[in-house]
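With mature numbering (1 follows the signal peptide of the UniProt record, and there is no 0) applied, the sequence shown corresponds to residues -25 to -1, 1 to 486, in that order.
All residues carry an ideal CB built from backbone N, CA and C; glycine is no exception.
All figures in this text were calculated on a predicted structure; none of them were measured in a lab.
These notes concern the structure reproduced below.
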Amino acid sequence: MRFTPRGRKPVATAAAALLTGLALAAFTPTTAHADETLDASLAFHDVVVTPGAEREYLYLELHSEPADLDIWAGYELTVDFSEIAGWATLGMQEGNPDCSVEGAVFTCAGRAFISGGESHIESFKITVPESATPVQQGSIHFTYSLEGYEMLTYESSVTLAHPTDLVGGEYDGLEVAYGSTFDGAMTVTNTGDTPVEGVTVLIDTARFTEVVDVPSNCSAPHKRYTYCFFDEMLQPGATYKIEGISIAVTDDAVAPGRGYLSHQWHTNADFAVLPYQPDLGEPGTAAPATLVEQAGLRSSAHSDTDPENNYGGGWLAITGDNPLDAEIAETAVVGSIGDEVEAVVEVTNVSNASFKNDLSGDDVFAVRIEIPEGTTAVAVPESCFVELDEWEWEYGVPGYDEYECNTDMVLTPGGKFEYPFTLRIDEDVTDSAGDLEIFKQDGGGELIDLDHNAANNSAKLVVNPTDAPGDGSLPVTGVALSWWIGGGAVVLVAGVVGVVLMRRRAAVATW
């Protein structure tokens, strides 16, 4: 809702809801703020608790626009938790001298500085005694008044649910062939004492796995993440397996190698009050996935008391023959003394498998480039650096004899990393060559160990000066050696892969 000074005609706008169930109410300026316009809303989480639980750091926030807003004014805040006072206590996370409590109502008054965006008003905690009896529900009512503006209100629900503990099943010795599909082997166990009605699972296909044909009770808003919603009753002590979901091991999986697939379980009640709800997108169109059905009475709201063990899945062994192979190309440049020539070092994935380190975030490997004797690097890619000491590096700095170059977390089949250097030929050193090498970085890049062809992990960067002195200009590139132009001209050849342009095209993760 848009808030305008009194006496002006309100202007309708679309104010974006920042949290699920966000309430908007008018802040209307008095004459003191007659030139200001304010969009404002309160935000607080809906909460699910269990007997004996304490939920801390529940923040009441004010979201306001414009971004450059600056207001220093008196405020009043009331928080009425009388609807839950019979089975829970609302307290302030930290003391506030501006606040007092009488019965089940907090009252705060003072002066506040409000800036555009998110302003923290107060933080609370909810404590529930062990003797509280599920299932109960009530609301906390907030009112907030800023001097010169009308009141904002907000209502947050609090549910006292049955405690339970969902445990996700781990993988143990699961083997799947690359390029094939399997049912995911995803299980969950209700280790609580009461039935649980309805669960939600987040499937994370992080490495060489993907969901095929998304079921109608699932959605896949991201290539990596799929959410599925189940209404089945989970009986105490019972284990359930998802049926109706196909997981593919991708064609670019390294084999033999490892894939990763995980699943995280929530009760439906817990998922509904996650602080930041995911954008689920459109549901799938395949037949719905199910859990194994169990007979039993219908239950009511549940909340998980130990969410740390909700995760399942993990590493699976991928079988077959689909090895990795990265190749660094021989690179040669020819030019006159004094010329500056372009040399592009290329590394290509020549296999049908992908180098992937997207789980760890490490580069798949590193590249070492040695500058040939008799030449000087006068322009260096920003992805290449020199290690000055253990804690200091210089990126893209000319003048060094050797560089280490970064790659990326993913290199797909046919993908390339390119490193364009500009070299000045200073003296005639015939067949001057620098070493080029793909190698494993400290702390990461273990995938290069799976490269089945180490012979093409090293090459040479060769510089051959001509007799005639050059004019120091950057010569034309992209011409074959057989098209020799004459005095002072320079030709760039990129080994077995031909002539390449001066650019870097890094393969990037698209999950």
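Its chain contains TYR370, GLY371 as the residues whose beta carbon lies nearer than 6 Å to that of GLU357, once the 5 sequence neighbours on both sides are disregarded; these appear in chain order.
The Cβ atoms of THR184 and TYR235 lie closer than 8 Å to each other. By the 16-neighbour rule on beta-carbons within 10 angstroms, TYR32 is exposed.
Here the alpha carbon of ALA429 sits roughly 10 Å from the alpha carbon of PHE414.
Check the Cα spacing between GLU93 and each of GLU36, LEU65, TRP47: the tightest is with GLU36. Ranked by Cα distance from PHE396, the first of LEU363, LEU149, LEU436 is LEU436.
Rounded to whole angstroms, the gap between the alpha carbons of TYR34 and LEU386 is 42 Å.
When C-beta atoms of the stretch 55 to 65 are compared with those of the stretch 121 to 129, fewer than three pairs fall below 8 Å, so the two segments do not count as touching. When DSSP reads this structure, PRO440 sits in a beta bridge with GLY310. Each of GLN416, VAL54, ASP43, VAL267 was checked against the Cα of LEU17, and the nearest Cα belongs to VAL54.
Put simply, of ASP45, ILE312, ALA160, PRO211 the residue whose alpha carbon is nearest the alpha carbon of HIS238 is ALA160.
In the three-state reduction of the DSSP assignment, ASP406 falls in the coil class. Each of ALA328, GLU367, ALA318, SER335 was checked against the Cα of ALA354, and the nearest Cα belongs to ALA318. Counting the other Cβ atoms within 10 Å of the Cβ of LEU334 gives fewer than 16, which makes it exposed.
ASP55 carries a strand assignment under DSSP once its states are collapsed to helix, strand and coil.
Assignment of beta strand (DSSP E) within the stretch 61 to 105, counting only whole runs of 3 or more residues, yields 64 to 67, 74 to 77, 80 to 90, 92 to 102 in chain order. Residue pairing by DSSP puts TYR286 in a beta bridge opposite GLN239. Around the Cβ of THR405, a 10 Å sphere holds fewer than 16 other Cβ atoms; the residue is exposed.
If you draw a 10 Å sphere on the C-beta of GLY27, you find fewer than 16 other C-beta atoms in it, and that means exposed. Counting the other CB atoms within 10 Å of its CB gives GLY85 a total below 16, which places it among the exposed residues. Residues of the same chain with a CB within less than 6 Å of the CB of ILE400, apart from the 5 flanking positions on each side, are GLY310, ILE312, ASP314, THR350, PRO440 in chain order. Residue pairing of ASN165 in beta bridges, as defined by DSSP: LEU141. Minimum Cα-Cα distance from LEU141 among the listed residues ALA213, GLU130, VAL189, PHE204 corresponds to ALA213.
Counting other Cβ atoms within 10 Å of its Cβ, VAL267 stays below 16 and is therefore classed as exposed. Taking C-beta separations shorter than 6 Å and ignoring five residues to either side along the sequence, the partners of ASN284 in its chain run VAL142, following chain order.
Beta-bridge analysis with DSSP links ASN431 to no other residue. Taken through DSSP and simplified to helix, strand or coil, LEU149 comes out as coil. Between the stretch 247 to 254 and the stretch 108 to 120, the count of C-beta pairs closer than 8 Å stays below three; the two stretches do not touch.
Comparing C-alpha distances from VAL322 to each of VAL308, ASP383, PHE360, THR265 shows the shortest one belongs to ASP383.
DSSP, reduced to helix, strand and coil, places ILE423 within a helical segment of the structure shown.
A check of alpha carbon separations from TRP290 across ILE89, ALA42, GLU145, TRP47 identifies GLU145 as the nearest. Fully contained in the stretch 163 to 236 are the following beta strand (DSSP E) runs of length 3 or more, in chain order: 171 to 182, 184 to 187, 200 to 209, 214 to 218, 221 to 224.
Here the alpha carbon of ILE89 sits roughly 11 Å from the alpha carbon of PRO41. By the criterion of a C-beta distance shorter than 8 Å, LEU425 is surrounded in its chain by VAL229, GLY232, PRO298, LEU299, once the five residues flanking it on both sides are discounted.
The C-beta distance from ALA328 to GLU150 rounds to 17 Å, too long to meet the 8 Å contact threshold.
Straight across, the Cα-Cα distance linking PRO190 with PHE81 is about 47 Å.
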